[in-house]
Structures are given as C-alpha cells and as structure tokens.
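Inspection log for the structure reproduced underneath, given as structure tokens.
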Amino acid sequence: MELFLESFPKIFISGIIMTLPLALVSFIIAMLLAIVCAMIQYAKVPIAKNIVQFYIWIFRGTPMLVQLFIMYFGMQSIGVRISAITAAIIVFSLNTGAYCAETIRGSIESVPQGQMEAGYCVGMSYMQIMMHIILPQAFRSAFPSLFNNLISLVKDTSLAANITVTEMFMQTERIAGRTYQFMQLYIEVAFVYLIFCTVLTWLQAWGEKKLNYYQAGR
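Positions 1 to 218 (full-length UniProt numbering) are the ones given, in order, by the sequence shown.
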C-alpha cells in the first residue's frame, strides 16, 4: 500500500503532463496532415496523389516502433540530431495521419457527387465546396473512426519510452527498476491508461450523440 501511495500519483501526473499532451499535439498535427492528403487524393492531383499514396503505404505498412527507431536512433547515426520528444511527435503525427487520411478520404467519397456539382453550379470554388459542403458531412461520418485513432494513439505513446521520452510508461519503468515491484507497477500504469481511454470513450459517445442530434434536426 505504501508503494501504491507513492507510485500511483507520480504515474498519473506523468500521464496528465506528458502522455496526454503528447497524444493530443500529435493528433492535431495528424488531422491537419490527413485533411490535406485526403483532399489531394480526392482531387486526383497527378504527382501529389502519388506522393501521398506512397507516404500512406510506408506508414501503414511498417511498425510504429521501427519508425520511432529510424527517426531517433537512425537519424543520429547519420549526424541529424533531434530530441526524443520531437522524434516521437513526428512519428506519431505521420503514422496516425496516414490512417486518418484514408478514413477521411473514404468519408469524402461517400458524399454524393451531385453535391460537388451543385456547388459549382452556384459559383462556389473547389475549396469553398470542400470546406462548406463536403468536409462537414465527411467528418460527421468519420468521427467515430477518427476518435478511435486518438484512443489508440494515447496507448501507443507508451512506445516513446523506447527512445527515452519520459512519458508515463517510462516513469513506471524507472520506479519498477528501483523497487523491483514490476507486477504491481505495470498493473498501475495499465489502470491509468484504462482511465484515460475510458474518459475518451465517454467523450466519443457524447460527441456522436451531438452529431446525431444535429443531423436529426436538419
């Protein structure tokens, strides 16, 4: 009990000040990247579309841990030095962005083509149609999948411990290395991840209800 009272607050606080911000910052960047990539694919811009498809192929087809090692240790081996936290944000953003891009692309393509044509008929530009007609509908249908990606990312931040980022799992490892109470501490950190993901799941359900209410009222 004494160890729990000492370790659990440290683990929980580490999650609040490091794990959640790391996940949220990475997810925001990933979403911006995903929107751009999805729009490029939808518009079928020749060279840019091929570049986007290659990027998605690479990051969906390789393990995130390998990507982290390449970005941090690999870059250092060729003389490019970046901080561990920067490497983690870059990889988490690129990896999650690849998955979100495909989700958004599929949602955009599910919007009837006639709405794009109707937008052109009333004099709207491509960007105006995307921002005011297509993307709002696409995001409503993509919301559950995108939020699932955020929940997965919160859990995946534990991989950053492998490149020395002092996030929640690394904090747990340090306490475990000092006390040798590995089972108890790993259960504690698992419980904290469960708390975070449960709260996010509640937020997801609340968001879906709001979106359904908005759609029903239209």
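Note that beta-carbon positions come from the ideal geometry of N, C-alpha and C, so glycine has one too. All values derive from a computational prediction rather than experimental measurement.
Cβ shell of residue i (< 7 Å), same chain only, five flanking positions each side left out
i           : result
residue 137 : 111
residue 231 : The structure shown does not extend to residue 231, since the chain is modelled only from 1 to 218, so the question has no answer here.
residue 159 : 64, 65, 68
Within 8 Å, strictly: CB atoms of residue i and residue j
i           : j           : result
residue 56  : residue 30  : no
residue 140 : residue 42  : no
residue 153 : residue 96  : yes
residue 34  : residue 101 : yes
residue 119 : residue 133 : yes
C-alpha distance - residue i paired with residue j, whole-angstrom precision
i           : j           : result
residue 83  : residue 166 : 12 Å
residue 63  : residue 78  : 21 Å
residue 144 : residue 135 : 15 Å
residue 90  : residue 204 : 25 Å
residue 149 : residue 24  : 11 Å
residue 26  : residue 92  : 6 Å
residue 146 : residue 81  : 32 Å
residue 109 : residue 209 : 23 Å
residue 37  : residue 61  : 17 Å
residue 115 : residue 157 : 39 Å
residue 1   : residue 75  : 43 Å
residue 181 : residue 113 : 59 Å
residue 164 : residue 206 : 35 Å
residue 50  : residue 14  : 40 Å
residue 161 : residue 17  : 15 Å
Nonlocal neighbours in the same chain, by C-beta distance under 6 Å from residue i, ignoring five residues either side
i           : result
residue 107 : 138, 141, 142
Inter-residue CB distance, residue i and residue j (contact presumed, cutoff 8 Å)
i           : j           : result
residue 54  : residue 67  : Actually they do not touch by this definition, with Cβ atoms about 15 Å apart.
residue 103 : residue 151 : Not a contact, Cβ separation roughly 14 Å.
residue 130 : residue 39  : 6 Å
residue 22  : residue 88  : 6 Å
residue 220 : residue 196 : This structure does not reach residue 220, given that the chain is present from 1 up to 218, and the question cannot be answered.
residue 155 : residue 126 : The pair is not a contact, with the Cβ atoms about 37 Å apart (cut-off 8 Å).
Spatial neighbours of residue i in its chain, beta-carbon cut-off 8 Å, leaving aside the 5 residues before and after
i           : result
residue 188 : 4, 7, 8, 11, 172
residue 94  : 30, 33, 55, 59, 67
Residue range of the alpha helix (DSSP H) that includes residue i
i           : result
residue 171 : 168 to 179
residue 10  : 2 to 14
residue 73  : Run containing residue 73: none; DSSP gives neither H nor E here.
residue 80  : No alpha helix (DSSP H) holds residue 80; DSSP gives it neither H nor E.
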